[in-house]
Each structure stands twice: as C-alpha cells, then as structure tokens.
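Novice: Under our numbering, the residues of the sequence shown are numbered 469 to 684, in order.
Where is the CB? At the ideal position from N, CA and C, for every residue including glycine.
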Amino acid sequence: MASIMEIEQRLSQIKSILNKKRNKIDQEMCDLIDERRILNRKVSLMKGEETAIPIKTTFPQDVGAPLPHVVSNGYKTYLLYYIGTSNPDWDESTNIIHVLDPQSKDYVALIQFERCYSIRFGGVNDEVLHGHPLYEHGLEGYEMHEIKNSSWINEQKKINSVHSNFKQELWDARKHYIFTFHDDIFECIANEYVVQVFRGKLSSVMLLANEMLFSG
C-alpha cells in the first residue's frame, strides 16, 4: 500500500500536468481528474479526515432535471427525485417498480431515511461544487455519498453529550448522507435508508410520501 507521502507526491505530479493542460480537455485529462479524486479520497481516509464515499446505486438521479423534493416532519424524512433512465447504472430489472401510470416514461426514486436525526437542503449547485469543503475529499457531482468522519455528526454528538441519558452507541449507528444534485445539495443524518421506485409523475409520488409521513 502506498504511503501518504507517496500519494501526495503523485497528487502533486497530477496537479502539475493538469496545470500545463489547462483547458485542453482530452481523455488523459479526464483520467487524471478521476485518479486525483480517488487519491484525494484515499489520503483523506488515511489521515482520518472527513471523506465523501460515493454510493453507486441502481436508482441514479437525472443529471439535468432531477427536481429533488423533501418531505419531513423532523423524524421521518423522504427524498424524491427523477431517475436518469439514460444513466448506465439504471437497470429497470434490478428494481421493483411500483406503477402509478403505465403510460408514463418517468421514473421516480422515493428514499425513506430511517431514524432521521437532521436534514439540510438547498444551497450549492453543480457550478460551484468545486468550492465545497468536501470536494477535495472525494465529493462528486450527481451522486449519493456517505460521509466518513463526519464533522456534522461529531458536532451534533458533542451537543447531545451533555444529556444525562446520552448513549454513544446510538451515535455510532448514525450516518451522514449527501446527495449532490444539479441545483441543490441534500444532506441528512440517519441510521439507514429504504428505496422505492415508481413509474409516474413526481407529484403523484409526492402525495404518497405525504400520506406515509402522516400514517404514524
């Protein structure tokens, strides 16, 4: 396994090559950017720093217009967005499809976050993602991530540690998720998530999410 020093030396080499290429976009440049992202993530984990780990899913978001919506009451949280059916990661056969409209060409992901502690939604879009503090620590555009060594979780855990019934094991089970969309970022702290895929309009799935929110 390469040491931190060796990885950082390689990152320095990549930076130098990319600076020389500047705006000349070719396959080598794309490969170097991918390598840099992987190495940044690796060295970040080795240092115990906050790191974004992409979660490859079978329900990828539509890159152009995912139109994410959030339904939440502070404990239950549902995230909805249009699926990108042209994405190679999308495979209808690997998902159970709940058909609301058999004539529709749209597919919607409905993600329920279990034991959701907190959410953040909005803000950073894809044009300024490179300014996000996690960008140099593995954050990618149009992806779902789990954040390791999350500063947000640590911050919330510290606040809650003053409670007489504070339980470390409850916080050990919590995870920090980030979705980077075209126009927004969604983040939450939750234990796990469950996904359902629907065929039909997002507005129809939104009504279902509202019913689920109030169903107890």
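(1) Among the residues of its own chain, which have a CB less than 6 Å from the CB of leucine 602, if the five just before and after it don't count?
(2) Taking Cβ positions only, does glutamate 608 come closer than 7 Å to chain C?
(3) So which of Gln664, Glu474 and Pro534 has the shortest CA-CA distance to threonine 648?
(4) To the nearest angstrom, how far is the alpha carbon of lysine 674 from that of glycine 542?
(5) Following the continuous alpha helix (DSSP H) through glutamine 495, name the residue where it begins and the one where it ends.
(6) How would you call lysine 616, buried or exposed, if buried means at least 16 neighbouring beta carbons within 10 angstroms?
(7) Hey, out of Asp530, Leu507, Asn487 and Asp499, whose CA is closest to valine 576's CA?
(8) Mind checking which residues open and close the alpha helix (DSSP H) that includes glutamate 595?
(9) Apply the 10 Å Cβ neighbour rule to glutamine 695 and answer buried if 16 or more other Cβ atoms are within range, or exposed otherwise.
(10) Could you spell out where the alpha helix (DSSP H) holding glutamine 664 opens and where it closes?
(11) Of the choices Ser540, Glu614 and Lys510, whose alpha-carbon is the least far from that of glutamate 476?
(12) If we count Cβ pairs, one from each stretch, closer than 8 Å, do we get three or more for the segment 623-639 versus the segment 541-556?
(13) Put glutamine 571 into one of helix, strand or coil per three-state DSSP.
(14) To which residues of the same chain is lysine 489 closer than 6 Å at the C-beta, ignoring the five residues directly before and after it?
(15) How long is the line joining the alpha carbons of asparagine 508 and leucine 568, rounded to whole angstroms?
(16) Kindly indicate which residue of Gln481, Thr553 and Leu513 has the alpha-carbon position closest to the one of phenylalanine 666.
(17) Rounded C-beta distance between arginine 583 and asparagine 659? I'm assuming under 8 Å.
(18) Please list, in chain order, all residues of the same chain as aspartate 557 whose beta carbon is under 6 Å from its beta carbon, the five residues on each side excluded.
(19) What does the Cβ neighbour count give for phenylalanine 654, buried or exposed, with the cut at 16 atoms within 10 Å?
(20) Measuring CB to CB, does leucine 607 end up less than 7 Å from histidine 600?
Specialist: Reading it off the structure:
(1) Here residue 602 refers to the residue found at position 134 of the sequence shown. Excluding sequence neighbours, leucine 602 sits near Ala520.
(2) Annotation note: the requested chain C is absent from the structure, which comprises a single protein chain.
(3) On the sequence shown, position 180 is the one that residue 648 refers to. That would be Pro534, whose Cα lies nearest to the Cα of threonine 648.
(4) On the sequence shown, residue 674 is found 206 positions in, with the first residue counted as 1. On the sequence shown, residue 542 is found 74 positions in, with the first residue counted as 1. Looking at the sequence shown, residue 674 is not lysine but methionine. If you draw a straight line from the Cα of methionine 674 to the Cα of glycine 542, it comes to about 17 Å.
(5) One-based indexing of the sequence shown puts residue 495 at position 27. Under the DSSP assignment, glutamine 495 falls in the alpha helix (DSSP H) whose first and last residues are 495-514.
(6) Here residue 616 corresponds to residue number 148 of the sequence shown, with the count starting at 1. It is buried - the Cβ of lysine 616 has at least 16 other Cβ atoms within 10 Å.
(7) In the sequence shown, counting from the first residue as 1, residue 576 sits at position 108. The shortest C-alpha separation from valine 576 is found at Asp530.
(8) One-based indexing of the sequence shown puts residue 595 at position 127. No alpha helix (DSSP H) contains glutamate 595, which DSSP labels as neither H nor E.
(9) Outside the displayed range of the chain (469 to 684) lies residue 695, so it cannot be described from this structure.
(10) As a first step, residue 664 is located in the sequence shown; it is residue number 196 there, counting from the start. Careful: glutamine 664 lies outside any alpha helix (DSSP H), inside the beta strand (DSSP E) at 660-667.
(11) As a working mapping, residue 476 is identified with position 8 in the sequence shown. When only C-alpha atoms are compared, the closest one is Lys510.
(12) The answer is no - the segment 541-556 does not touch the segment 623-639, with fewer than three Cβ pairs under 8 Å.
(13) Your numbering for residue 571 matches position 103 in the sequence shown. Reduced to three states, the DSSP call for glutamine 571 is coil.
(14) In the sequence shown, counting from the first residue as 1, residue 489 sits at position 21. Same-chain partners within the cutoff: Met497.
(15) The sequence position of residue 508 within the sequence shown is 40, counting from 1. The sequence position of residue 568 within the sequence shown is 100, counting from 1. Straight through space, the alpha carbons of leucine 568 and asparagine 508 are spaced by roughly 43 Å.
(16) Residue mapping note: residue 666 aligns to position 198 of the sequence shown, counting from 1. Ranked by Cα distance from phenylalanine 666, the first of Gln481, Thr553 and Leu513 is Thr553.
(17) Reading the sequence shown from its first residue, position 115 is the one you call residue 583. Reading the sequence shown from its first residue, position 191 is the one you call residue 659. Between arginine 583 and asparagine 659 the beta-carbon gap is near 4 Å, inside 8 Å, which marks them as a contact.
(18) Here residue 557 refers to the residue found at position 89 of the sequence shown. Within the same chain, Cβ atoms closer than 6 Å to the Cβ of aspartate 557 are found at Pro528, the five residues on either side in sequence being excluded.
(19) Start at 1 with the first residue of the sequence shown, and residue 654 comes out as number 186. The residue is buried, with at least 16 neighbouring Cβ atoms inside 10 Å.
(20) Translated into positions along the sequence shown, residue 607 becomes position 139. Translated into positions along the sequence shown, residue 600 becomes position 132. Yes, Cβ-Cβ distance for leucine 607 and histidine 600 is below 7 Å.
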